[in-house]
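Here the structure comes first, spelled out in C-alpha cells, and everything after it is commentary.
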Amino acid sequence: SQTIHQWPATLVQPVGSPLSLECTVEGTSNPNLYWYRQAAGRGLQLLFYSVGIGQISSEVPQNLSASRPQDRQFILSSKKLLLSDSGFYLCAWTRELNEKLFFGSGTQLSVL
Amino acid sequence: KQEVTQIPAALSVPEGENLVLNCSFTDSAIYNLQWFRQDPGKGLTSLLLIQSSQREQTSGRLNASLDKSSGRSTLYIAASQPGDSATYLCGGSNYKLTFGKGTLLTVNP
C-alpha cells in the first residue's frame, strides 16, 4: 500500500532563517506531488506541483521554492523566512490526475 | 480560474440528524470532484471522489452528488454522530485540485 510521510510535524523558526520541509511517498512510482499551504481563514492554497523528477510548477509567486530530487521526494524550501510564511503546510500525491488525492499529516510552521 | 465555494461555513446539529453540505464551482471542466475530512491540526482524509461522468458516489453513511451543468456538489451525511465532527472540504480537479474553505461541522451528543 502507498503511504506519504511528511516532517517535521511542528516547526518554529525566526524571521530570516532558512526552511526545508521534506515529503516522501512510498509504494508507488512517478506520483504527481503537491505542496499546499493552509492559512487561517484562507483555505488551502496550492503552492507547487510536480509531475516528474526535476519538473516543478509554481502556482503563486512567493518566498518559497520546491525541488524534486528523486521520484518520490518533494522538498519545500526558503532561503529567508517571512512572517507571512507561517501556516500549515501539506504535501499530497496522486497517481493520476483523475484519481484520489492523498495528503500527508502536515507541518505547522510558525515564523516569529 | 476555478473558484470553489462551500456553504454553510459552519453547521451545528444534534446527533442522529441527517445533513447536507454544499459545494459550488465555477469551471465545469473538471476531471472529478472530491470530498475530504480534516480534523484539527491534521491532514486531509479523502472521503469520496466523483468522476466528471458520474452523478453520485456512496460510502457508508456518506453520499456525494455532482451536477456539472449547475456547478454544484452536495455531501449528504445520514444519521450523524459526534465522531463526524470535523471540517469538510470539497475540491474540483482539472490538472490541480482547487478547494473551498470548508464547512466546520459539529455534531452534538
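Chains as they are written, first to last, in the working numbering: chain E, 2 to 113; chain S, 923 to 1031.
Every residue, glycine too, gets a C-beta built ideally from N, C-alpha and C.
Three or more Cβ pairs drawn from the region 923-940 of chain S and the region 1001-1008 of chain S lie within less than 8 Å of each other, which places the two stretches in contact. The C-alpha of Q976(S) is placed about 35 Å away from the C-alpha of G55(E). Shown here for S18(E): same chain residues with a beta carbon closer than 6 Å to its own, the five before and five after excluded, namely L82 in chain order. Flagged as an interface residue toward chain S: N99(E), by a C-beta distance shorter than 8 Å. In the DSSP secondary-structure assignment, S950(S) is not bridged to any residue. For L45(E), the nearest beta carbon of chain S is closer than 8 Å to its own beta carbon. Only residues of its own chain outside the window of five on either side were considered, and among them Y953 and N954 have a CB closer than 8 Å to the CB of Q973(S), listed in chain order. Going by beta carbons, E27(E) and R96(E) fall outside the 8 Å limit. Put simply, the region 44-58 of chain E touches the region 1017-1025 of chain S. At least three CB pairs are less than 8 Å apart. Bounds of the beta strand (DSSP E) holding N33(E) are N33 to A40. Counting only Cβ-Cβ distances below 9 Å, Q109(E) has contacts in chain S at G963, in chain order.
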